[in-house]
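Inspection log for the structure reproduced underneath, given as structure tokens.
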Amino acid sequence: MIERYVPSNSSYSGDIDQLFLLITAIVGFWFICTMAMFLWLVWRFRAQPGVPALYITGKEPELKRWITIPHALIILVDVVLIVGAIRVWYNVKQFMPETEETIGIVAQQWAWTFVHAGPDGELDTADDIAMIDEMHVQVGRTYRFRLESKDVLHSFSVPVWRIKQDTIPGRVIMGWFKPTVEGEFDIQCTEMCGIGHGIMGARVFVESEAQHQAWLGQASDSSVAAR
Ligand SMILES: [Cu+2]
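The opening position of the sequence shown corresponds to residue 5 in my numbering, with each subsequent residue numbered one higher.
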């Protein structure tokens, strides 16, 4: 349902969407129940001529049931949501799969630098390809990213991959993604980082193997690192 509005283009984006739908369905169900009950009570016990208001402490057992039973049910569904959330969180944020390449991502006010491994596939070597506001990856490849900030808090977000990771100055944060659909997509900073925050966008190019090899071939010349 969510992918109708934002495509679901990474190996874990579908799991995150399912978790969102589960939370929305369960919370939505209880919201509707609560509001229906509330409005019914407002109508049923409205002021009526000749009927005095009754003082209720809420401690009467027959009334307390209306609190304790829903309370127990909500705790039960909370357990379902927490188990679902931990499973997705572990897979996306805690677990690091075997990765084929590492990309360096550096945030600063107000741009992104993406350091690609270059033709040798190794980061931090002479043939690295650094680009401003442009990231190039190959579809179906599992990437590790190394996220850093030069100045303030930023947040690396690629909506179609359902990835969002804060950057913290002075800290190196590792994560991973596996793009599954080719195309050109948005990257956006999602942490208020100063006056240029709103324009701190970039693009990710998810390419087929042939396209990616062609880009690698010609990109070394335009690399920021090569200048
Ligand atoms: Cu920012």
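Glycine is no exception: its CB is placed at the ideal position from the N, C-alpha and C atoms.
Check: How many Å lie between Phe181 and Phe118 at the Cα?; Outcome: 15 Å
Check: So the beta strand (DSSP E) Ile191 belongs to, where does it begin and stop?; Outcome: Gly187 to Cys193
Check: Give a single yes or no on whether Glu195 has its beta carbon closer than 7 Å to a heavy atom of ligand 1.; Outcome: yes
Check: With a threshold of 16 other CB atoms inside 10 Å of the CB of His158, please say whether the residue is buried or exposed.; Outcome: buried
Check: With 16 other CB atoms within 10 Å as the buried threshold, where does Arg166 fall?; Outcome: buried
Check: Check Ile172 in the structure and name its three-state DSSP category.; Outcome: coil
Check: Measure the CB-CB distance between Arg50 and Asp137 and report whether it falls below 8 Å.; Outcome: no
Check: Please name the residue in Val210, Phe209 and Glu195 whose C-alpha comes closest to that of Ile203.; Outcome: Glu195
Check: To which residues of the same chain is Gln169 closer than 7 Å at the C-beta, ignoring the five residues directly before and after it?; Outcome: Leu151, Ser159, Phe160, Ile177 and Gly179
Check: To which residues of the same chain is Trp116 closer than 6 Å at the C-beta, ignoring the five residues directly before and after it?; Outcome: Asp137 and Ala206
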